[in-house]
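Just so it is clear: in the sequence shown, position 292 is 301 by my numbering, and no numbers are missing. Here is the structure we will look at.
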Amino acid sequence: MSAIENSRQSVLLHTWSLASSPDITVLLCMQIAPTILTLTKTTPYSDSAMAEIYTADTPAAVKNAKGLHLITESTPNGKKVQILLEELKAAYGTEWTTSLIDLETDEQKESWFLHLNPNGMTNSSFSSWLLNCCLQGKIPILIDNTLTPPFPVMESSAELLYLIDMFDKDCIFSFDSKREHSEAVQWLFFWQASGQPNQAQHNHFCKSAPEKVPYAISRFRAETLRIYDVLEARLSGRWTGVPREYLAGTGKGKYSIADIGTWPWVRSWRSAKFVDEDMAGFPCLLQGIARIAERPAVQRGISSLYDSEENPELRVSTIR
10 MSAIENSRQS
20 VLLHTWSLAS
30 SPDITVLLCM
40 QIAPTILTLT
50 KTTPYSDSAM
60 AEIYTADTPA
70 AVKNAKGLHL
80 ITESTPNGKK
90 VQILLEELKA
100 AYGTEWTTSL
110 IDLETDEQKE
120 SWFLHLNPNG
130 MTNSSFSSWL
140 LNCCLQGKIP
150 ILIDNTLTPP
160 FPVMESSAEL
170 LYLIDMFDKD
180 CIFSFDSKRE
190 HSEAVQWLFF
200 WQASGQPNQA
210 QHNHFCKSAP
220 EKVPYAISRF
230 RAETLRIYDV
240 LEARLSGRWT
250 GVPREYLAGT
260 GKGKYSIADI
270 GTWPWVRSWR
280 SAKFVDEDMA
290 GFPCLLQGIA
300 RIAERPAVQR
310 GISSLYDSEE
320 NPELRVSTIR
């Protein structure tokens, strides 16, 4: 304790419960020096509070699911988790059940969905059009019903990390080396934080925006291609002199969550309005895309098994 007290910088863990939401515990980390303050006013999650992730209008297929349950639609983010689950099934016999969301019906904006994934809730003082744009949940959601109470996991990359931590005991899709694990997480986060947002915005301004905004299209196009070039540099060994087949791991690398988290997006470069001429400078990236596409579990993870139109019996909707 004395070493900590003598440190010029300490971390204050300040935990308290919001008066308006007693079930929500907030953790605030602040740097202070040179002493440590300890605050004990906290309200932990209760079993009953966590059990309330399921509400009266939660679809029965979700509420009554056992074991792992995935709520998804076959978007690039949905495909990430679908692929890893299929890989885990092939490697370990991992079982799960699936519910499909039809994003065209806005089911992901319903309150039962937002209980599972609050990403999408917004300030009611926003203008009505912005509120309508923002108030929507995000898929996929992974629910672990093997825990009591059930534990929902949001954010596709967090779901990949959860699955390898809980179910990849032999590190087939991850690494037991801390260094290699860190490498995989770095590339997973690189795509999540840099590639995915820029490609998504490029998609939006090219295909969905109510009016063409040339600057936005040019900006997100250039940044997406720059990020593709970062991936190309990694795989080609441009700076290391060592070509690789996969993003993380020693030598040529090993297929892992770093690739699973990136591949569903980069494989869709044509639908992102890029053409062969745009991709000509990324031969190693294109080879990597083709290499991963050959995996049987990957093919299952992007198949019509996860299409709500092809599998209406798996489609969930609000109980009314």
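Built from N, CA and C at the ideal position, the CB exists for glycine as well. Predicted model, so just to flag it, every value in this text is computed and none were measured.
DSSP three-state call for residue i: helix, strand or coil?
i: Trp-278; result: coil
i: Arg-324; result: strand
i: Ser-108; result: strand
i: Pro-158; result: coil
i: Leu-256; result: coil
i: Tyr-224; result: helix
i: Arg-188; result: helix
i: Arg-300; result: helix
i: Asp-285; result: helix
i: Ala-193; result: helix
i: Lys-263; result: coil
i: Thr-233; result: helix
i: Asp-268; result: helix
i: Met-163; result: coil
i: Gly-239; result: In the sequence as displayed, the identity of residue 239 is Val instead of Gly. Reduced to three states, the DSSP call for Val-239 is helix.
Rounded to the nearest angstrom, what separates residue i and residue j at their Cα positions?
i: Gln-91; j: Trp-272; result: 12 Å
i: Gln-205; j: Glu-82; result: 17 Å
i: Val-251; j: Asp-111; result: 44 Å
i: Leu-79; j: Ser-166; result: 14 Å
i: Gln-208; j: Thr-157; result: 38 Å
i: Asn-212; j: Asp-174; result: 32 Å
i: Glu-61; j: Arg-279; result: 42 Å
i: Ser-203; j: Val-307; result: 23 Å
i: Lys-282; j: Cys-180; result: 36 Å
i: Phe-199; j: Glu-322; result: 36 Å
i: Lys-187; j: Ala-257; result: 12 Å
i: Ala-70; j: Ser-108; result: 7 Å
i: Glu-113; j: Arg-247; result: 43 Å
i: Thr-259; j: Ser-265; result: 12 Å
For residue i, which beta-bridge partners are listed by DSSP?
i: Ile-150; result: Ile-80
What span of residues does the alpha helix (DSSP H) with residue i cover, start to end?
i: His-213; result: Taken as a continuous stretch (DSSP letters only), His-213 belongs to no alpha helix (DSSP H), as it is neither H nor E.
i: Val-90; result: 85-101
i: Ala-69; result: 69-72
i: Pro-305; result: 305-310
Step through the CB atoms of chain C and report whether any lies within less than 8 Å of the CB of residue i.
i: Lys-178; result: The chain labelled as chain C is not found in the depicted structure, where only one protein chain is given.
Less than 6 Å between C-beta atoms, sequence neighbours within five positions excluded: which residues of the same chain meet that for residue i?
i: Leu-172; result: Leu-93
i: Thr-67; result: Trp-121
i: Leu-240; result: Leu-294
Starting from the C-beta of residue i, find all residues in its chain whose C-beta is less than 7 Å away, skip the five residues before and the five after it, and write them out in chain order.
i: Phe-89; result: Correcting the residue identity first, residue 89 is Lys in this sequence and not Phe. Taken in chain order, the residues that qualify are Ser-165, Leu-169, Ile-269, Gly-270, Pro-273.
i: Pro-85; result: Pro-273, Trp-274, Ser-277
i: Glu-319; result: Ser-313
i: Leu-234; result: Asp-287
Sorted by chain position, which residues of the same chain lie with C-beta nearer than 8 Å to residue i's C-beta, five sequence neighbours on each side aside?
i: Ser-29; result: At Ser-29, the pLDDT of 35 sits below 50, so the modelled position is not reliable; the number obtained from the coordinates is stated separately. Same-chain partners within the cutoff: there are none.
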